[in-house]
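The structure appears right after this line, and notes come after that.
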Amino acid sequence: MTELLSTDRPGLARAATLLAGGELVAFPTETVYGLGGDARSDRAVARIFEAKGRPRFNPLIVHVADMATARRIAVFDPLAEKIADAFWPGPLTLVLPLRPEAGISPLVTAGLPSVAIRLPEHSVARALLTAFGGPVAAPSANPSGRVSPTRAAHVLAGLEGRIAAVVDGGPCAVGVESTILGLAGAPRLLRPGGIPAEALVACLGHPLAAGGDEARPNAPGQLASHYAPGAPVRVGATEKRPGEVWIGFGKGTEAAELNLSPSGDLVEAAANLFHLLREADRIATGGIAVAPVPDRGLGRAINDRLRRAAAPRPAAG
Ligand code: AMP
Ligand code: MG
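Every letter in the sequence shown is one number past the one before it in the numbering used here, and letter 85, counting from 1, is 154.
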């Protein structure tokens, strides 16, 4: 069911066609094998979370073929340009301000105004990104909670039948994830990885700010204050109360103004989630009520996000 593709022209052309059709393709990078999907497609990105069985919508790294594409997606100030010039292509991810008009799915950024972006060095990764001609969101190609894959066989062992294809480019050279440098604020090391922090410090010319929860939106408990709508959110709402905007899901919610998925499809619901929360917030005069979503598969990540949206807000000011 999962195609094993070679790195020759027809193999990469097939992989690019699958990506363009919203399918998932695992491919080698110099760090580990990535599980790629079109970063502009809500459905493709929702499927990444489904295939991995991720219980949470933590933000994904966007992979690009060249600087021109990177600059269309993120804002590069002179410092970011300098770092990119020194370390790209390579195992370094930069977190930068997102250009909202770039059309990156909000599932990729978890609704944040920043985006993690990387220009990989691996020749197969670059050839695939070039053939596809767009940004590819790609976490490591393993089921959630398992070890990152450094060979096509590892990918198949974990995800066979759950993804469209794997491009077999042999073993990965680096074998650890990319270093993540946050440049959306003061330069901050968000994750150690393939590029040593010392090399970044030498290039920046000053020390890095300490990591820490503020810089790590996927840290437990941290997401509550992120991308919560301004209006209060009520989950598990089987009907609408006066003054509320109701977001439906599945049977019995036909009367809802907005709907995650009238047919009860979890991939569709995940793809719509961030857009509908935003839209509900825009039209709400009272609160936002959200219909129950089954707590299985992608439903777990959806419910995690909804619980955080409904959590008590930190005091303003
Ligand atoms: P993975 O996809 O498993 O390689 O993990 C991606 C990493 O990038 C996670 O640790 C995220 O916290 C981090 N990341 C991605 N996007 C952002 C962002 N916009 N801001 C901060 N960290 C990010
Ligand atoms: Mg991983």
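Even glycine gets a Cβ: it sits at the ideal position worked out from N, Cα and C. Just so we're clear, the structure is a prediction, and the values are computed from it rather than from any experiment.
Check: residue i C-beta below 6 Å from any heavy atom of the ligand AMP
i       : result
Ile-249 : yes
Val-387 : Nothing can be reported for residue 387, as the shown portion of the chain is limited to 70 through 386.
Thr-98  : no
Ile-352 : no
Val-164 : yes
Ser-174 : no
Thr-199 : no
Thr-178 : yes
Gly-213 : Position check: residue 213 holds Ser in this sequence, whereas Gly was assumed. No - the ligand AMP has no heavy atom lying nearer than 6 Å to the Cβ of Ser-213.
Ile-117 : no
Leu-74  : no
Pro-128 : yes
Leu-181 : yes
Ala-300 : no
Ala-185 : yes
Buried/exposed call for residue i, threshold 16 Cβ in 10 Å
i       : result
Leu-165 : buried
Ser-110 : buried
Ile-371 : buried
Gly-305 : exposed
Thr-138 : buried
Arg-374 : buried
Asp-135 : exposed
Thr-354 : exposed
Gly-255 : A small correction: the amino acid at residue 255 is Ala; Gly does not occupy that position in the sequence shown. With fewer than 16 other Cβ atoms within 10 Å, it is exposed.
His-223 : buried
Arg-141 : exposed
Asp-282 : Bear in mind that the predicted position of Asp-282 carries a pLDDT of just 43, short of 50, making it unreliable; the figure below should be weighed with that in mind. Exposed, since its Cβ has fewer than 16 Cβ neighbours within 10 Å.
Bounding residues of the beta strand (DSSP E) (the contiguous stretch that carries residue i)
i       : result
Asp-107 : 102 to 107
Gly-317 : 314 to 317
Through-space distance from residue j to residue i, alpha-carbon basis
i       : j       : result
Gly-290 : Gly-214 : In this prediction, Gly-290 scores a pLDDT of 39, lower than 50, which makes its location untrustworthy; the coordinate-derived value is nonetheless stated afterwards. About 18 Å.
Gly-106 : Ala-85  : 10 Å
Glu-455 : Val-131 : No answer is possible for residue 455: the residues shown for the chain start at 70 and end at 386.
Pro-212 : Pro-311 : 43 Å
Thr-76  : Gly-239 : 10 Å
Glu-308 : Ile-186 : 41 Å
Ala-288 : Lys-320 : Annotation note: pLDDT 40 at Ala-288 (below 50); position unreliable, coordinate value reported separately. Distance between the alpha carbons of Ala-288 and Lys-320 is about 34 Å.
Asp-350 : Ala-206 : 27 Å
Below-7 Å beta-carbon distance, residue i vs any chain D residue
i       : result
Cys-241 : Any reference to chain D falls outside this structure, which holds one protein chain only.
Span of the alpha helix (DSSP H), counted from its first residue to its last, around residue i
i       : result
Ala-255 : Careful: Ala-255 lies outside any alpha helix (DSSP H) and carries neither H nor E.
Ala-279 : Where Ala-279 is concerned, there is no enclosing alpha helix (DSSP H), given that its DSSP letter is neither H nor E.
### Query
Whose beta carbon lies closer than 7 Å to any heavy atom of the ligand MG, going through the chain in order?
Those satisfying the condition are, in chain order, Pro-208, Ser-209, Asn-211, Ser-217 and Glu-246.
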